[in-house]
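Trainee:
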Amino acid sequence: MSAGALRLERVTRRYDTGRAAVSGLTLEVDRGELVALVGASGSGKSTTLRMAAGYETPDEGRVLLDDRDITALPPQKRGFGMVFQHYALFPHMSVVENVAFGLEARGVKKAERLTRARAALASVGLGDKSQRPVQALSGGEQQRVALARALVIEPPVLLLDEPLSNLDPTLRESTRDELRQMLRRLHVTALFVTHDQEDAFAIADRVALLRDGELLQVGSPEDLYHRPGSRAVAEFIGRASLLPARDDGTDALVRAGERELRVPVVRQDRNEATARGGAGRGAAKPAEPMVVLRPESLEFAPADSAEGWRGTVLSRRFAGGITVYRVELEGGAEVEVTSWDGAVGAGENVVVKVGRGPVAMVLE
Ligand code: ADP
Ligand code: MG
31 MSAGALRLER
41 VTRRYDTGRA
51 AVSGLTLEVD
61 RGELVALVGA
71 SGSGKSTTLR
81 MAAGYETPDE
91 GRVLLDDRDI
101 TALPPQKRGF
111 GMVFQHYALF
121 PHMSVVENVA
131 FGLEARGVKK
141 AERLTRARAA
151 LASVGLGDKS
161 QRPVQALSGG
171 EQQRVALARA
181 LVIEPPVLLL
191 DEPLSNLDPT
201 LRESTRDELR
211 QMLRRLHVTA
221 LFVTHDQEDA
231 FAIADRVALL
241 RDGELLQVGS
251 PEDLYHRPGS
261 RAVAEFIGRA
271 SLLPARDDGT
281 DALVRAGERE
291 LRVPVVRQDR
301 NEATARGGAG
311 RGAAKPAEPM
321 VVLRPESLEF
331 APADSAEGWR
341 GTVLSRRFAG
351 GITVYRVELE
361 GGAEVEVTSW
371 DGAVGAGENV
381 VVKVGRGPVA
391 MVLE
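Sequential numbering of the sequence shown, starting at 31, is according to this note's numbering.
#1: Hey, alanine 147 and valine 129: beta-carbon distance below 7 Å or not?
#2: Touch check for the segment 68-88 and the segment 231-242: three-plus C-beta pairs under 8 Å?
#3: Where does the unbroken alpha helix (DSSP H) through methionine 81 begin, and where does it stop?
#4: With a threshold of 6 Å, establish whether the CB of threonine 77 neighbours any heavy atom of the ligand ADP.
#5: Mind checking who tyrosine 355 pairs with in its DSSP beta bridge?
#6: For the ligand ADP, is there any heavy atom lying closer than 6 Å to the beta carbon of alanine 51?
#7: Could you spell out the range, first to last residue, of the alpha helix (DSSP H) harbouring valine 384?
#8: What are the boundary residues of the beta strand (DSSP E) that arginine 289 is part of?
#9: Can you tell me which of the three DSSP states aspartate 229 falls into?
#10: Using only the alpha-carbon positions, how far apart do glycine 308 and glutamine 161 sit?
#11: Which runs of the alpha helix (DSSP H), 4 residues or longer, sit entirely within the segment 208-290?
#12: Thinking just about the alpha-carbon of each residue, which of His217, Gly385, Gly268 is nearest to the one in arginine 292?
#13: Thinking just about the alpha-carbon of each residue, which of His217, Gln173, Pro185, Ala180 is nearest to the one in aspartate 198?
#14: Would valine 296 be called buried (16 or more neighbouring beta carbons within 10 Å of its own) or exposed?
#15: How many angstroms separate the CA atom of phenylalanine 120 from the CA atom of threonine 368?
#16: So, under 8 Å CB-CB, glutamate 184 and serine 32 are touching, yes? Tell me the CB distance rounded to an integer number of Å.
#17: Can you find the residues in the same chain that come closer than 6 Å, C-beta to C-beta, to glutamate 302, ignoring five residues on each side of it along the sequence?
#18: Hey, how far is the Cα of leucine 189 from the Cα of arginine 261?
#19: Taking DSSP as the reference, what is the three-state secondary structure of arginine 330?
#20: Classify aspartate 191 as helix, strand or coil using the three-state DSSP reduction.
#21: Between which two residues does the alpha helix (DSSP H) holding valine 126 run?
#22: For the ligand ADP, any of its heavy atoms closer than 6 Å to the Cβ of serine 73?
#23: Suppose the cutoff is 8 Å on Cβ atoms and the five residues either side in sequence are ignored; what does the same chain contact list for arginine 44 look like?
Structure (structure tokens):
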């Protein structure tokens, strides 16, 4: 397969509204890499994907394929594979006909169309179902037909827009795993749009987080989770309580009520990976450091321990194995604590400490 490297360079797209749906976004997808573009609804994910595909022309910036400027190239000349939430398969056609269809438009002869369509179906594990009517397949299988249809043209880049959103939750997880395995095995360059952070984490090599048309951070799932570059990233990715801290240059000093504790922290380099957001925006007030406390990084300490913040359990939720406690610390901050001990009741006084890191420090 002819995988290429895709680069969006400072692309901006304004619709008639004037407000930029995507603003100065730079993103690279290396050859054979899987990048997930994640963000809330309306954050500009589909607009970004459409600019990559050529259905939307950026008002500013460039789109590059293997260092070639393709900004002005129409979609069919780019030849990218597309998979959408609604697969838009032709219901009256068989599975193999659906997959071969795109080759017809490209002038490929019938015998070769069928050979290539069967090969694409085999690559997504549907080799034995090629003659079936497409409607006789399950939702997950139809999604694989859509994938085969996108792959049969041997695209340099595959673009997927919420490809799992149409699937019910039970099917979704297995389809997600299959999708990941197939994309890896086939060594496809793929940009994958989802509003679901779990999907992004499960599939992607790198995750790009978009908010209001701006890229907040790009990195591995572990980077975004453990080393968020800003408060906005920390709050979007996973569950977190953010507490104000003092930075003594080495550790964070975090106060809740009377007790101030020393917390070792990891800091995000202010490098290119951190695009915008958080620190510096507006720059009206000096940036205030905050620690990002994840539920699994906190634990209960013995009641007489001085090595923790004092608090009161507000509520508890059994999560199968672990229990998640919502705790109000002295001073009023709320945190979540996970524990294997499910026997702590609402209203009980507890002591909470950082059990395992890394704990990230971000700037407000
Ligand atoms: P997402 O895919 O993340 O949900 P979109 O890229 O679809 O976000 O939309 C980003 C913003 O641009 C939204 O505010 C949306 O309303 C607006 N938008 C999207 N498409 C159009 C369009 N064709 N015309 C005008 N505004 C649009
Ligand atoms: Mg969208």
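No residue lacks a Cβ here, since even glycine has one placed at the ideal position from N, Cα and C. Keep in mind the model is a prediction, meaning the values are calculated, not measured.
Mentor: Based on what the coordinates show:
#1: For the pair alanine 147 and valine 129, the CB atoms are nearer than the 7 Å cut-off.
#2: For the pair of segments examined, the segment 68-88 was found to touch the segment 231-242: the number of CB pairs separated by less than 8 Å reaches three.
#3: 75-83
#4: Yes, since a heavy atom of the ligand ADP falls inside the 6 Å radius drawn around the Cβ of threonine 77.
#5: Arg346, Val367
#6: Alanine 51: yes, Cβ under 6 Å from the ligand ADP.
#7: Segment 379-384 is the beta strand (DSSP E) holding valine 384; no alpha helix (DSSP H) there.
#8: Taken as a continuous stretch (DSSP letters only), the beta strand (DSSP E) holding arginine 289 covers 289-294.
#9: helix
#10: Any answer about glycine 308 is weak, because its pLDDT of 41 lies below 50 and its placement is not dependable; what the coordinates show is given next. Cα-Cα distance, rounded: 54 Å.
#11: 227-233, 251-256, 261-266
#12: Gly385
#13: Checked all of His217, Gln173, Pro185, Ala180; the closest Cα to aspartate 198 is Gln173.
#14: exposed
#15: 48 Å
#16: Confirmed, Cβ separation roughly 6 Å.
#17: For glutamate 302, the predicted model reports a pLDDT of 37, less than 50, meaning its position is unreliable; a value from the coordinates is still stated below. Contacts found: none.
#18: 29 Å
#19: Residue 330 is actually phenylalanine in this sequence, not arginine. Residue state, collapsed to three classes: strand.
#20: strand
#21: 125-135
#22: yes
#23: Ala50, Ala51, Asp89
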